[in-house]
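Protein chains in written order, with my numbering: chain V, 1 to 483; chain W, 484 to 1495. Cβ coordinates follow ideal geometry from the N, Cα and C atoms, glycine included. Computed from a prediction, not measured in an experiment: that's the story for all the values here.
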């Protein structure tokens, strides 16, 4: 090295915290990945990679159903419950549900049928998603810790029931960065009826650096906040101003000498300019073909909101966003409900909610498949907990609603590295509790990271005395569902 | 020999030596016994020791080893390498996760082969520091090293000992310190660093003319004495203590009275309160000074998140409680002691000598802490308040008599009461109070008879049909100024939906909600009306029909002096009346509630539907009167109308009384604000209850009970505070505060001086300011850290002395210029060969822009400015950033109302932390979103306009004028004049796009946003 050059001890990318590969964790072991090739740094310099860790997924899209989807009425057929309709669940247990009312057992309001080649059973609640059954990997034995919406949602997102912990998307952004530099790594598309309870805490970066926070894309003219000036200034004036900034920054750098902090900031303005072009481009779905729009239901009033977001999700993934999160359901309470929280009437509520998303989600699956993206895209369809097999009513009634069930619920995944058309785990005869292979969110999170080629015990960030992990001190990869 | 040598070095030396060396056998200087004990302690005893060791095998003592495991003997003397113990280690079966290294295996092998016994007393895992974990002898827990003789010699660069130690460190690495910063850089640095605000251009020019030491010292003194100092450094402390102004979690309710803590911190820092007092007040201020200041300080304990919806199950309640204790124990142990005690909730601390017992002792010390509001009181002012209240009573009695006259007169004169909204002749009765909710929103809230005011709580909807009650909302009146005995409550109301249960329509309750009489719907019998009362003590079923009309109905309940209670629906008796007793309510002791059965608000007490009109009488009306009331829905008692019928002189008299009452009320309001301030702070649970160690942290696995105490390893003794198990909350916290500030002052001082260093230089001497344990960083300059800490203690733990010492050093005054040797040897600048190049934090960016633009409001303290819109949806509060800041937001950012979750777009991207957890150091990121916000956020345009307006004044545009404006903009923002080519470029920009384009550009330059 020539002595008159100041060595760049830290690479420019290390200062530019956008598409960078997680740094800055003191005394932390950080797994870094680059285009599917993992290498490990830090305390495990000799760590070699098992072939099974080769990443299958490059990107993921998660559809979060807010409020608690009834597994009994969708993905977990229970003929045993049909038989016991109107009977009492004889138990001395005081279950951990929300309102505490235990009515009589209630059969599903929808018929189940075996679907596709796989014969996977899905109810008539989701007729369109059912056509894609052969792509799905259903987990019927989910359990969670809280029967209360917000802690359960936080747990689903971050593995902790409290505020302040990074969500799955933030961890992926931290571990892998974005594929494209001109778009954020983690994008959130909330329900048109409003954000979920807990708001931005659901897509929080927690203690990870702020660029790992989920970036909200709104519908309408201004999808990303501060993307363009709200004041009316001409394009010329805007350009001339940026030129002035670049000019002054160059002069400043010349007089100061080489400095990463300074050049990184200069570079960030160039990236900002590219983002100003790429965001409107990606959010502009008018150019999509008629067939594609129909596939997602973009132009039908009941599916327009979710259809647009599913289609936008696919476009974001195509252009290099690592993790897209869509919400189905806004604020929890109120009448009529604007989420899946069917305390009053499952039939009415779930019918209305399903109508909004069934076609768009099925369209998304079909579209990803047709474009060959499903090979390395992970699709997640999740909810914070399930619903009770007994009605939420007085003890001698079969009321129309169901309470929260943290002891058993269903989610499904599809795409990259998974065994399609299969079911993992089972619930008891009536779907009240898990009968075999209980699966926690920590297990799901470990499996997601695994599919991205990351060992969940290795992706850590030092914070206030602890090397924090997405999976806390738990989590087992669900090897049985891997292809 | 090795041992004696070991102690010739300061402890930090051999510990860091221990940690950086490579192989176990090389790095440990212990005799064989110490070596094997450390190995067992570090790798085996976490599972194989204690009350219930894994597999029944206890490896901590000779008897444990002799006993073997559940499946039999593991090692008999003489068995050597044939033993089970060796076999499972050799095969890699044990330890189950991180396997032993070859070197570790060698140590174990030689121990097993040598047949050396284990001690009879169990090995204390915490005793000694090893390659695995910190022991009682951990560097941070040891006493401060006494300063050694300086050996940096005579060097003109060395202004004080800081420079000596820094120079030592640099020379050891073949580095030299940078030369001094320019006067402009240094002045900007010291201003922003100490006060968070930049100097003016004139101050820069003055300092450039006289950059002497004396001038610099004078500037430092001025900055430390400025109130802006406390505002700046309070913001740092608020990061550490996770100060936020909403609950977080699901509801995320705002804490409108949380700001007192922020003001207390600012005041304490400006007053340079001794640090140990600063600490004590935050733990037990309410016990030390039970007044505004003490309550505000103790708010530290409750400044974090708080779960207000824990669900119905016992398990969820217990977990929420334990989570909250962990959050508090974690924050206080990290903030004050740099120890992560919260890690010992479920198991003994994996890295530091903190037992579960110590953790639960700390938890017991704060077990009685609840979240809530308290009022601070001033007895003298309260006395004046009582006097004014008596005066008010005299005036209001007179006013009421006059009003009754007016209403009676009006009733006599008005022939057609239903058409004209006035009291009907037929009834003759006038209510004591009435509200007409069909009036427009701005007239609804005052009683139309006596002028009693009421406050609406909840979601306000403008609906001409009446008061919309959505099950979350209610209206509450001021205290009723007269005694009420017999009474009649009446209301026009719409029930919606009919299947609700328990809501109150009209309630007369004592101010604390303990006693009430109310019209209640469907509480005990579906859809039936009843006379609700506290504990149903005056309630019996009327056995009336279920309500079936979801439209306006007229309800009345009559309470006669003989205790008879009768209900009427649409003028007709409703079911059966019954005999009970009459409840009386004293003057100023009771109030009206509408839409709520009784306080506090919550549960099924809320009514849902519409409330049209209400009228309450302090007499038992006759059946006929009630029937007439029900027949005249349009009827209301309009005092204003009545007074139009009175004589001019009567009206003047009434007006004088009204003016007097207004005057007294405003005096009273001022007195009340002074006498009683609501402060969000600790509320003591009168019965904190016992504390158990929870095995594995499981809320149902209660092991032995512990009493309030500290961390055993900090004082080497049993650290029980010696309090009774039923000691009060305040006693416990007073003991905790004393323990923290007295027990290990070395640690207390090291942690704080390191924080201060961290904020001055961007990185601490220990780069993990909240964690001085095994997992944290090691000091780059251990002797300097101890010297700073000693001096801090010697000088009474005054922060301002410490600042003075640091900013007057040559180290602090160096330039930031990169040098080849510096970059090559120490690119991260941990050894301080230059002053670091740092980005301004979000608050400094915003505050600087406000100041430079000339619009900063310097009001100190008080409720924060609010740059978010509150939206309460079904009980959850959302905080949405306002599209644009209004001028009342133009205060220093530390005064921003700081809710959790949704935050300020600009501050968010500039790495201001979410106050969900303690943030001892901020993330430091550079992202395109930052660039976009600094370019496009409306605030940046507001500040550009304001700045240009300020420099341009009333002048008219001309090229000479433009040049002056350009010069001024550079002077204001960059604190210098533009050079020639900058001038040329700027002129072009201003000519084509105006001066605001240049202002916007300057805010975005590195020169403005980076501190050199």
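- For residue 532 of chain W, the CB contacts under 8 Å within the same chain, skipping 5 residues up- and downstream, are 541, 542, 543, 547, 605, 606, 608 in chain order.
- When C-beta atoms of the stretch 416–433 of chain V are compared with those of the stretch 136–155 of chain V, three or more pairs fall below 8 Å, so the two segments count as touching.
- Across the set W:1235, W:962, W:1075, the C-alpha of W:962 shows the shortest separation from the C-alpha of residue 876 of chain W.
- With its beta carbon at least 8 Å from every one in chain V, residue 985 of chain W lies outside the interface.
- For residue 374 of chain V, the CB contacts under 8 Å within the same chain, skipping 5 residues up- and downstream, are 135, 365, 368, 414, 415, 416 in chain order.
- When the Cα atoms are used, residue 803 of chain W and residue 160 of chain V turn out to be separated by approximately 12 Å.
- Sequence-distant Cβ neighbours of residue 253 of chain V in its own chain, meaning closer than 6 Å and more than five residues away, are 262.
- Rounded to the nearest angstrom, the gap between the Cα atoms of residue 725 of chain W and residue 619 of chain W is 29 Å.
- When the Cα atoms are used, residue 1455 of chain W and residue 1319 of chain W turn out to be separated by approximately 24 Å.
- Between the beta-carbon of residue 1338 of chain W and that of residue 1380 of chain W there is about 19 Å, and that puts the pair past the 8 Å contact cut.
- Scanning chain V for C-beta atoms nearer than 8 Å to the C-beta of residue 676 of chain W yields nothing, as the closest lies near 17 Å away.
- Listed in chain order, the alpha helix (DSSP H) elements of length 4 or more contained wholly in the stretch 285–371 of chain V are 290–296, 304–318, 346–370.
- Residue contact check for residue 370 of chain V against chain W: no CB pair falls below 8 Å.
- A direct Cα-Cα distance of roughly 46 Å separates residue 451 of chain V from residue 679 of chain W.
- Between residue 808 of chain W and residue 749 of chain W, the C-beta gap is not smaller than 8 Å, which leaves the two residues out of contact.
- At a cut-off of 8 Å, the C-beta of residue 666 of chain W has no neighbouring C-beta in chain V.
- Note on the stretch 112–154 of chain V: whole alpha helix (DSSP H) runs with a minimum of 4 residues are 127–130, in chain order.
- Contact annotation: residue 826 of chain W and residue 233 of chain V have beta-carbon atoms that are not nearer than 8 Å.
- Taking C-beta atoms under 8 Å as the contact rule, residue 470 of chain V and residue 171 of chain V qualify, at a distance of about 5 Å.
- The Cβ atoms of residue 1414 of chain W and residue 186 of chain V lie no closer than 8 Å to each other.
- Leaving aside the five residues that flank residue 1047 of chain W on each side, the residues in its chain whose CB is nearer than 7 Å to its CB run, in chain order, 1060, 1062.
- CA-to-CA, the gap between residue 1203 of chain W and residue 210 of chain V works out to about 42 Å.
- For residue 1015 of chain W, the enclosing beta strand (DSSP E) starts and ends at 1012–1016.
- Judged by DSSP in its simplified three-state form, residue 576 of chain W adopts coil rather than helix or strand.
- Between the stretch 114–132 of chain V and the stretch 392–411 of chain V, the count of Cβ pairs shorter than 8 Å is below three; the stretches do not touch.
- 8 Å or more divides the Cβ of residue 929 of chain W from the Cβ of residue 887 of chain W.
- For residue 1155 of chain W, the uninterrupted alpha helix (DSSP H) segment begins and ends at 1131–1158.
- Along the stretch 970–1010 of chain W, the alpha helix (DSSP H) does not occur as any fully enclosed run of 4 or more residues.
- Residue contact with chain W for residue 166 of chain V: absent (no Cβ-Cβ distance below 8 Å to any residue of chain W).
- In the structure shown, residue 855 of chain W adopts extended strand secondary structure according to DSSP, grouped into three states.
- CA-CA distance, residue 855 of chain W to residue 1221 of chain W, rounds to 24 Å.
- At a cut-off of 8 Å between beta-carbon atoms, residue 162 of chain V makes contact with chain W.
- Only residues of its own chain outside the window of five on either side were considered, and among them 1427, 1430, 1431, 1452 have a CB closer than 7 Å to the CB of residue 1482 of chain W, listed in chain order.
- For the stretch 822–838 of chain W, the residues whose beta carbon sits under 7 Å from a beta carbon of chain V are, in order, 823, 826.
- According to DSSP, residue pairing for residue 1307 of chain W in a beta bridge does not occur.
- For a Cβ distance threshold of 7 Å, residue set 210 of chain V lies close to residue 1394 of chain W, ordered along the chain.
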